[in-house]
Amino acid sequence: MLLDTLSQSQREAICRISQQGMEQAAEMLSRLLHKTIQIEIADSWMSDHQALRQKGADVCSIYMAVSGDFSGGLMFSLSLDSADRLSSQLLGRLSADLFTEPASSALKEVGNIIASSFLASLDNQLGLRAMPAPPILCRAPINELLDRYGSRLAKPCLIVQTCLKNAAEEEGPMQGAIYLFSDSRTIDRLVAQL
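Residues in the sequence shown are numbered from 1 upward in steps of one, following this note's numbering.
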């Protein structure tokens, strides 16, 4: 079964699972940053994500392979500017380069938090237990990353647009997206549990 053939009620159920996972991730990030962070899901079912497809511009992505009852991968992507702002907040100072320590470690930890929260939500609500592999930090155009990580899996993948907000920050929210890749057997298992 392809994700784009799901009924409206099945899509809404996956959106609820995504929202619960993002609420858990926001709580963890708020504790980590000592600031109130909200992660809003702007549009939880799209076959395309235009916000990160700006003329082939590079994005910063954290990819984790996923194994267990749910197999595939999960990728969290931000514009380079948003990733720089996020790493600066995590480190409490301006980061010099996203792909050197400690900025890359901070961003990988955000990826771990988001992946673990999403997968915990799948486990809590559907009984599908899965674990993420160690994160990989990437810089490339989003189309290239989608081809790299989604090439062996069912397309389209689930794409959850995210908006990270810090009420105290004047620069506005950080726009991003979470991409969920899976094989068709895993999608069938997911749909059967909805």
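For each residue, glycine too, the CB sits at the ideal point set by N, CA and C.
How far does the beta strand (DSSP E) with residue i in it extend, from its first residue to its last?
i: Asp-58; result: 58-68
i: Arg-139; result: 136-141
i: Phe-76; result: 72-79
i: Ala-130; result: 130-132
First and last residue of the alpha helix (DSSP H) that includes residue i?
i: Leu-32; result: 8-33
i: Leu-190; result: 184-193
i: Gly-111; result: 103-126
In terms of DSSP beta bridges, what is residue i paired with?
i: Ile-39; result: Leu-164
i: Phe-181; result: Gly-73
i: Gln-89; result: In the DSSP output, where bridge partners are listed per residue, Gln-89 has none listed.
i: Gly-176; result: Leu-78 and Thr-162
In or out: residue i buried (at least 16 other Cβ within 10 Å) or exposed?
i: Leu-80; result: exposed
i: Gln-8; result: exposed
i: Gly-73; result: buried
i: Leu-86; result: buried
i: Asp-84; result: buried
i: Leu-78; result: buried
i: Pro-134; result: exposed
i: Pro-102; result: exposed
i: Gly-92; result: exposed
i: Phe-181; result: buried
i: Phe-99; result: exposed
i: Ser-18; result: buried
i: Ile-107; result: Checking the sequence shown, residue 107 turns out to be Leu, not Ile. By the neighbour-count rule (16 or more Cβ atoms within 10 Å), Leu-107 is buried.
i: Ser-184; result: exposed
i: Thr-186; result: buried
I think residue i touches residue j, with their Cβ atoms under 8 Å apart; what is that distance to the nearest whole Å?
i: Met-28; j: Ser-117; result: 7 Å
i: Leu-190; j: Leu-128; result: 7 Å
i: Gln-20; j: Gln-125; result: 7 Å
i: Cys-138; j: Ser-61; result: 5 Å
i: Ala-57; j: Pro-141; result: 7 Å
i: Lys-114; j: Phe-70; result: Checking the sequence shown, residue 114 turns out to be Ile, not Lys. Wrong, their Cβ atoms sit about 15 Å apart, outside the cutoff.
i: Gln-24; j: Ala-177; result: Contact flag wrong, Cβ pair sits at about 18 Å.
i: Met-22; j: Ser-67; result: Not confirmed; about 22 Å, so no contact.
Given the structure, does residue i come close to the ligand FAD, in the sense that its CB is under 8 Å from one of the ligand's heavy atoms?
i: Ile-37; result: Annotation note on the ligand FAD: not contained in the displayed structure, which lists no ligands.
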